[in-house]
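A quick write-up on the structure given underneath.
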Amino acid sequence: MVVMKMKFPFQKRVKLAQGLWLLSWCATVAGATTFTLGCILKTELRRRAEVMDNQDIHIVPNTLMIVGLASLGINYFASKICQDALDAGRFPRWKNFLKPYFAISCFFTVLMLLAVIMSYALKGSLESSLKVGLRNGIRFYKDTDTPGRCFQKQNIDRLQMEFQCCGNNDFRDWFEVQWISNRYLDFSSKEVKDRIKSNVDGRYLLDGVPFSCCTPSSPRPCIQYQLTNNSAHYNYDYQTEELNIYLRGCREALVNYYMGLMNTIGAGVLSIFLLQGSVLVSLRLLQTAMEAVAGKENTEIETEGYLLEKGVKDTIMEYLDPVLKFLLLKNQVEEGTAAATSTTAKPRSGK
Amino acid sequence: MPFMPVKFNLQKRVKLAQGLWMLYWFSVIAGILIFSLGIFFKIELRKRSEMMDDNESHLVPNLLILAGMLACGFNAFGGKVCHDSLDPMKFSKWKPMLKTYLQLCCGFNILLVLVSLLCFLMQFSVYLTLAEGLSYAIRFYKDTDTPGRCFMKRTLDMTQIEFRCCGNNNFRDWFEVQWISNRYLDMSNDVVKDRVLSNVEGKYLMDSVPFSCCNPGSPRPCIQHHLTNNSAHYDYDHRTEELNIWTRGCREALFSYYSSLMSSIGVLVLFTIVLESVDMAGLKYLSTALETMSEPENPECESEGWLLEKGVKETFSDLLTKLKTLGRTNQVEGGDAPETPAAFASI
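Residue numbers (the UniProt record's numbering), protein chains in the order written: chain A, 1 to 351; chain B, 1 to 347.
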């Protein structure tokens with residue numbers, strides 16, 4: 001049961017080879033583009049690495065970079081093969097190379113598709129990583145004198161200003177941590193002592209947010225402190241006030257930003273995947289069409305080209321057979337020894 | 001005696017034509033670059049036109065856009081001429097236009113010199129416009145309910161955040177204006193009434209700055225209010241505190257940004273002038289080499305190319321006499337004119 005059989009007269013073969021040569025050079029450029037897109041995504045993820053707890057999401061840009069480099073090699077060989085295809089003397093030297101070449105190319109092309117699927121699948125992991133990272137960032141905001149956390153304040157401030165967000169889920173996250181260091185609190189003041197005694201952990205908590213939560217678009221000067229106390233400010237109602245500070249949480253802002261970036265990159269990578277797939281299909285058709293010509297006197301006869309000689313299942317088994325045999329062979333030896341020793345010892349389960 | 005003559009055989013002519021063709025296309029790219037930089041500069045000026053009270057001069061970016069388009073056109077034409085130069089049939093089409101073309105290129109080069117001078121000199125104008133515009137911006141910061149000035153607050157806040165600056169000269173400019181609107185002041189409060197009565201114009205002045213002056217790099221949470229009052233904050237000395245708010249003024253910050261942009265554009269224009277002059281010289285050599293072929297039918301004959309037909313001094317004196325003859329056509333009428341005043345004087 002042959003998959004996708006097509007007739008190829010001489011002219012069609014020539015046109016196929018020429019078209020494929022052009023297509024493979026386009027695909028080389030596309031491969032370089034994939035690599036660049038992977039680099040861009042990795043750079044963007046590394047810029048905000050301080051607010052991410054784990055680096056799981058980096059598998060997406062790493063895969064894109066590997067696939068980009070691999071496709072450069074794949075398409076280079078594809079252009080070389082189709083250049084030699086129409087020359088009956090030079091084509092046979094590629095014979096042994098083509099089977100592993102197609103296996104590797106299919107693997108990397110499928111990997112490209114997997115990278116796009118992973119970028120959607122890992123959204124949850126990215127969100128939880130940001131949740132933990134931002135929570136730590138807010139907790140260590142005040143520790144500007146602790147080595148390793150000196151720049152946490154600056155990073156969180158710049159993040160909030162650039163992404164126009166405040167806190168982790170929203171601005172109330174700032175009410176639950178002490179974000180003013182003890183070095184700047186006057187412990188002899190009654191107000192400070194009251195606040196510290198008012199909670200179990202002895203922290204200085206207040207209903208205020210840092211200045212980086214302030215919105216420039218607000219018509220009135222920014223109200224940062226005593227946010228929930230209407231009487232502390234003239235003509236102010238915190239339940240209806242929307243423009244004073246950023247209401248969006250930084251986790252939501254960052255997830256939206258990265259998902260948008262990965263959507264754009266994913267769309268590009270999908271079109272490159274289609275291009276690469278068409279290069280491989282055309283090369284396979286050209287190879288099978290040229291193999292039928294080999295050894296014949298008249299090279300201008302009409303031949304048939306096909307994608308797979310047997311069906312899909314049979315072809316997969318054919319490729320996996322050498323791999324399985326390598327593993328099964330080991331098993332057969334062990335089963336043999338197990339059977340021999342089973343007469344003297346209790347039967348052992350085969351590994 | 002021609003100025004800087006060079007002998008040409010076929011090989012040399014072909015090389016000159018090919019090299020000149022590549023150089024013309026490189027100049028087209030330079031022209032495109034100048035055009036896009038002109039557009040970029042125009043956009044940057046319009047983005048911050050509120051900081052300059054909408055008074056900024058768009059002369060330099062407009063000239064750059066014009067120069068870029070002209071450069072593309074002239075150089076593409078020059079490239080086409082070079083491409084056709086080695087085919088006598090095609091070249092004869094372009095021959096009569098070459099003299100005018102070279103004169104136009106000369107004029108264009110003078111325009112480019114003017115543009116590069118302006119790039120460096122107009123920086124003074126930008127500085128003065130910024131100084132005036134920023135003082136108005138600070139004064140109208142609170143007028144978020146006045147049509148036409150609604151977004152002054154947002155623009156000024158974002159400028160201070162982006163350029164890491166505070167105020168016009170420095171942060172003390174904020175102490176001299178009322179930057180909190182009366183809508184948000186409780187006029188029945190004693191503190192407010194005291195402040196308003198404490199100065200002649202009845203303005204609510206205080207030693208505070210807006211939040212956009214805050215420096216994220218400060219180790220302590222930002223101190224915006226009571227900046228000059230050490231006792232209002234724990235462990236604070238306003239004379240030694242450097243990291244709390246931005247100490248640089250926005251005029252200096254914006255000016256250094258615009259001046260570096262204008263200087264780099266000026267340098268690029270100077271480079272383009274050099275490139276254009278080399279193009280013109282090459283084209284002159286090529287056209288004279290093709291004209292002076294001793295045997296027009298035999299393409300492999302020798303020829304001579306030069307920059308100027310006579311020497312430099314003679315060419316200049318020729319030019320001056322030409323200008324004088326232009327003036328002399330006026331003098332014919334001037335010949336009649338002296339008679340009439342004499343006629344009047346005699347009356």
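We put the beta carbon where it would ideally sit given N, CA and C, even for glycine.
As the structure is a computational prediction, the values presented were derived from the model and not from experiment.
Mind listing the chain B neighbours of L185 (chain A)? Cutoff is C-beta to C-beta under 8 Å, in chain order. Numbered from its first residue, the first sequence carries residue 185 (chain A) at position 185. Those within 8 Å of L185 (chain A) in chain B are Y234.
How about Q226 (chain A): is its C-beta nearer than 9 Å to some C-beta of chain B? Translated into the one-based positions of the first sequence, residue 226 (chain A) becomes position 226. Q226 (chain A) does not count as touching chain B.
Which class does F8 (chain A) belong to by DSSP, given the choice of helix, strand or coil? As a first step, residue 8 (chain A) must be located in the first sequence, where it is residue number 8. Reduced to three states, the DSSP call for F8 (chain A) is strand.
Taking the alpha-carbon of T63 (chain A) as reference, which of A:V116, A:G311 and A:F102 has the nearest alpha-carbon? Your numbering for residue 63 (chain A) matches position 63 in the first sequence. Among A:V116, A:G311 and A:F102, the Cα nearest to that of T63 (chain A) is on A:V116.
Are the Cβ atoms of R203 (chain A) and D145 (chain A) separated by less than 9 Å? The count along the first sequence starts at 1 and reaches residue 203 (chain A) at position 203. The count along the first sequence starts at 1 and reaches residue 145 (chain A) at position 145. Cβ distance not < 9 Å, so R203 (chain A) and D145 (chain A) don't count as in contact.
Let's test the definition: count the other Cβ atoms within 10 Å of the Cβ of L159 (chain A) and tell me whether it reaches 16, buried, or not, exposed. Taking the first residue of the first sequence as 1, we reach residue 159 (chain A) at position 159. Under this definition L159 (chain A) is a buried residue.
Taking the Cβ atom as the reference point for each residue, do N235 (chain A) and R183 (chain B) lie within a distance shorter than 9 Å? By one-based count along the first sequence, residue 235 (chain A) stands at place 235. By one-based count along the second sequence, residue 183 (chain B) stands at place 183. Cβ atoms of N235 (chain A) and R183 (chain B): closer than 9 Å.
How would you call T146 (chain B), buried or exposed, if buried means at least 16 neighbouring beta carbons within 10 angstroms? For the purposes of this step, residue 146 (chain B) is identified with residue 146 of the second sequence, where counting begins at 1. Burial call: exposed.
Endpoints, alpha helix (DSSP H) assigned at G305 (chain A): Mapped onto the first sequence, residue 305 (chain A) falls at position 305. Element bounds for G305 (chain A): not the alpha helix (DSSP H) but the beta strand (DSSP E), T303 to G305.
At a CB-CB cut-off below 8 Å, which residues of chain A make contact with R154 (chain B)? The residue given as residue 154 (chain B) occupies position 154 in the second sequence. The answer, in chain order, is P216 and S217.
Three Cβ pairs or more, each shorter than 8 Å: is that satisfied between the stretch 281-294 of chain A and the stretch 17-31 of chain A? yes
Using three-state DSSP, classify C250 (chain B) as helix, strand or coil. The residue you call residue 250 (chain B) lines up with position 250 of the second sequence. It is helical.
Taking contact to mean 3 or more Cβ pairs, one atom from each stretch, closer than 8 Å, check whether the stretch 221-228 of chain A and the stretch 210-230 of chain B are in contact. yes
Using 9 Å as the threshold, is the C-beta distance between M1 (chain B) and G305 (chain B) below it? As a first step, residue 1 (chain B) is located in the second sequence; it is residue number 1 there, counting from the start. As a first step, residue 305 (chain B) is located in the second sequence; it is residue number 305 there, counting from the start. Result no, Cβ atoms of M1 (chain B) and G305 (chain B) do not sit closer than 9 Å.
Taking the straight line between their C-alpha atoms, what separation do you get for E44 (chain A) and L261 (chain A)? Counting from one through the first sequence, the residue named residue 44 (chain A) turns up at place 44. Counting from one through the first sequence, the residue named residue 261 (chain A) turns up at place 261. Cα-Cα distance, rounded: 9 Å.
Cβ-Cβ separation, V60 (chain A) to L130 (chain A) (assumed contact under 8 Å), whole Å: The residue you call residue 130 (chain A) lines up with position 130 of the first sequence. The residue you call residue 60 (chain A) lines up with position 60 of the first sequence. Not really, about 15 Å apart at Cβ, beyond 8 Å.
What does the Cβ neighbour count give for D201 (chain A), buried or exposed, with the cut at 16 atoms within 10 Å? Taking the first residue of the first sequence as 1, we reach residue 201 (chain A) at position 201. Answer is exposed; the Cβ neighbour count stays below 16.
Under 8 Å Cβ to Cβ from L185 (chain A), same chain only, skipping five residues before and after it: list those, please. One-based indexing of the first sequence puts residue 185 (chain A) at position 185. Counting only Cβ-Cβ distances below 8 Å, and skipping sequence neighbours, we find V192 and Y204.
Following the continuous beta strand (DSSP E) through G133 (chain B), name the residue where it begins and the one where it ends. Taking the first residue of the second sequence as 1, we reach residue 133 (chain B) at position 133. Premise fails: G133 (chain B) lies in the alpha helix (DSSP H), L98 to R139, not in any beta strand (DSSP E).
The stretch 272-290 of chain B touching the stretch 66-82 of chain B, judged by at least three CB pairs closer than 8 Å: yes
In this structure, how does DSSP classify C213 (chain B) when only helix, strand and coil are distinguished? Counting from one through the second sequence, the residue named residue 213 (chain B) turns up at place 213. Looking at C213 (chain B) - three-state DSSP - the assignment turns out to be helix.
Identified DSSP bridge partners for K7 (chain B): Residue mapping note: residue 7 (chain B) aligns to position 7 of the second sequence, counting from 1. Its beta-bridge partners are B:E304.
Extent of the continuous alpha helix (DSSP H) to which R195 (chain B) belongs: Indexing the second sequence from 1 puts residue 195 (chain B) at position 195. Segment D190 to L197, the alpha helix (DSSP H) holding R195 (chain B).
So which residues of chain B does Q239 (chain A) contact, with C-beta pairs closer than 8 Å? The residue labelled residue 239 (chain A) in the question sits at position 239 within the first sequence. The premise fails here: Q239 (chain A) is roughly 18 Å from chain B at the closest Cβ pair, so nothing lies under 8 Å.
Quick one: give me the first and last residue of the alpha helix (DSSP H) that G295 (chain A) is part of. For the purposes of this step, residue 295 (chain A) is identified with residue 295 of the first sequence, where counting begins at 1. That residue, G295 (chain A), is in no alpha helix (DSSP H); it is neither H nor E in DSSP.
Excluding the five sequence neighbours on either side, which residues of its own chain have a C-beta within less than 7 Å of the C-beta of L113 (chain A), listed in chain order? Reading the first sequence from its first residue, position 113 is the one you call residue 113 (chain A). Cβ neighbours of L113 (chain A) beyond the five flanking positions: F273.
Using the Cβ count rule (16 or more neighbours within 10 Å means buried), how would you classify I29 (chain B)? Counting from one through the second sequence, the residue named residue 29 (chain B) turns up at place 29. By the neighbour-count rule (16 or more Cβ atoms within 10 Å), I29 (chain B) is not buried but exposed.
Residues that P221 (chain A) contacts on chain B, provided the C-beta gap is smaller than 8 Å: Along the first sequence, read from residue 1 onward, the residue named residue 221 (chain A) stands at position 221. Simply W179, I180, Y184, P210 and F211.
Note down, in chain order, each residue of its chain lying with its Cβ closer than 7 Å to the Cβ of C105 (chain B), except the 5 sequence neighbours on either side. By one-based count along the second sequence, residue 105 (chain B) stands at place 105. Around C105 (chain B): F74, E276 and M280.
Sub-9 Å separation of F255 (chain B) and V60 (chain B) beta-carbons: Your numbering for residue 255 (chain B) matches position 255 in the second sequence. Your numbering for residue 60 (chain B) matches position 60 in the second sequence. No; because the gap between Cβ atoms is not below 9 Å, this pair is not in contact.
Own chain partners of S231 (chain A) with C-beta closer than 6 Å, once the 5 adjacent residues on each side are dropped: The count along the first sequence starts at 1 and reaches residue 231 (chain A) at position 231. Closer than 6 Å at the Cβ level, and outside the excluded window around S231 (chain A), lies no residue.
Could you check where the alpha helix (DSSP H) with P2 (chain B) kicks off and where it finishes? As a working note, residue 2 (chain B) is residue 2 in the second sequence. Element bounds for P2 (chain B): n/a, residue is neither H nor E.
Which class does C213 (chain A) belong to by DSSP, given the choice of helix, strand or coil? Locating residue 213 (chain A) in the first sequence gives position 213, counting from the first residue. Note: C213 (chain A) maps to helix in three-state DSSP.
Assuming contact is defined by CB atoms lying nearer than 9 Å, are F175 (chain A) and L206 (chain A) in contact in what I supplied? The count along the first sequence starts at 1 and reaches residue 175 (chain A) at position 175. The count along the first sequence starts at 1 and reaches residue 206 (chain A) at position 206. Cβ atoms of F175 (chain A) and L206 (chain A): closer than 9 Å.
Considering only residues of the same chain and omitting the five flanking positions on each side of L98 (chain B), which have a CB-CB separation below 6 Å? Locating residue 98 (chain B) in the second sequence gives position 98, counting from the first residue. Excluding residues within five positions, the ones whose Cβ falls inside 6 Å are S287.
So with Cβ pairs under 9 Å, would you call I138 (chain A) a contact of chain B? Reading the first sequence from its first residue, position 138 is the one you call residue 138 (chain A). Chain B, which has no Cβ nearer than 9 Å to the Cβ of I138 (chain A), makes this no.
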